[in-house]
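Engineer: The structure follows.
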Amino acid sequence: MLDLQARTQQPPRRSHDRVAFVFLAVAALACQPSLETQARVHVDQAIGHVAAAAQLLEAADGDQRKLLDAALAYRSAHHGELHQLRTEGEAIWAQLDADTRARLTADADNRTRPLLARLELAAQKFANPRQALMLVQPFLLQASARAGPVNWKPWLPQQPNLPPELVSQPLPATGTTR
3 MLDLQARTQQ
13 PPRRSHDRVA
23 FVFLAVAALA
33 CQPSLETQAR
43 VHVDQAIGHV
53 AAAAQLLEAA
63 DGDQRKLLDA
73 ALAYRSAHHG
83 ELHQLRTEGE
93 AIWAQLDADT
103 RARLTADADN
113 RTRPLLARLE
123 LAAQKFANPR
133 QALMLVQPFL
143 LQASARAGPV
153 NWKPWLPQQP
163 NLPPELVSQP
173 LPATGTTR
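So for the sequence shown, this note's numbering puts the first residue at 3; every next one is plus one.
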């Protein structure tokens with residue numbers, strides 16, 4: 003019986019366990035993707051939502067009610083993913099250096115340009131194309147590589163560079179008109 007107890011009691015292996023844990027932690031940190039890779043994944047996911055918006059507009063074929071139902075269903079099904087893209091995407095873009103951000107922005111713009119053309123073409127089938135594009139706006143904002151995606155409105159026409167005398171004066175801060 004004494005012999006059996008001596009065999010079952012092994013010395014504690016805490017030092018080996020700690021070394022294995024540290025090794026696994028270092029290996030896990032080394033395997034994490036870079037910020038640029040994370041940003042590319044973010045852009046890929048966001049462009050997928052732009053493609054879905056184009057499909058929604060094309061499938062509705064000018065029927066405003068059908069587009070509304072499809073857009074609301076898509077938003078409810080992908081709400082969490084859209085929110086995550088917005089919050090994590092802004093954090094990733096803020097951490098990138100200016101050169102990487104510019105390169106990824108140009109790549110995202112090149113990839114979204116054909117999709118935006120599809121969106122604009124599909125929106126022309128609706129009685130109010132601007133309203134149709136506003137229904138899919140939340141899907142477009144996630145693909146913007148700009149720092150302030152709220153200001154990105156691809157459905158609005160490009161504003162020409164006007165001379166300073168033709169630019170309207172801003173309203174007073176009180177919100178009252180002149």
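Using N, Cα and C, we set each Cβ at its ideal position, and we do this for glycine too.
In chain order, which continuous runs of the alpha helix (DSSP H) of length 4 or greater are located wholly inside the region 113-142?
Structural biologist: Listed in chain order, the complete alpha helix (DSSP H) runs (minimum 4 residues) inside the region 113-142 are 131-137.
Engineer: Could you spell out the range, first to last residue, of the alpha helix (DSSP H) harbouring residue 50?
Structural biologist: First-last of the alpha helix (DSSP H) with residue 50: 37-62.
Engineer: In three-state DSSP terms, what is residue 203?
Structural biologist: Past the boundaries of the shown model lies residue 203; the chain is included only from 3 to 180, so the question cannot be answered.
Engineer: By how many angstroms is the C-alpha of residue 63 removed from the C-alpha of residue 127?
Structural biologist: For residue 127 and residue 63, the distance between alpha carbons rounds to 6 Å.
Engineer: Let me check understanding here. Comparing Cα to Cα, which of 102, 123 and 111 lies closest to residue 39?
Structural biologist: The candidate whose alpha carbon is nearest that of residue 39 is 102.
Engineer: Identify which residue in 84, 55 and 82 has its Cα closest to the Cα of residue 71.
Structural biologist: When each option's Cα is compared against that of residue 71, the closest is 55.
Engineer: Tell me the rounded alpha-carbon separation between residue 96 and residue 37.
Structural biologist: Each residue's alpha carbon lies about 10 Å from the other.
Engineer: Pull up the CB-CB distance for residue 138 and residue 74, whole angstroms please, since I reckon it's below 8 Å.
Structural biologist: Contact doesn't hold; Cβ gap of about 11 Å is too wide.
Engineer: Can you tell me which of the three DSSP states residue 65 falls into?
Structural biologist: Looking at residue 65 - three-state DSSP - the assignment turns out to be coil, as it is neither helix nor strand.
Engineer: To which residues of the same chain is residue 68 closer than 7 Å at the C-beta, ignoring the five residues directly before and after it?
Structural biologist: For residue 68, where only same-chain residues beyond five positions count, the Cβ hits under 7 Å are 62.
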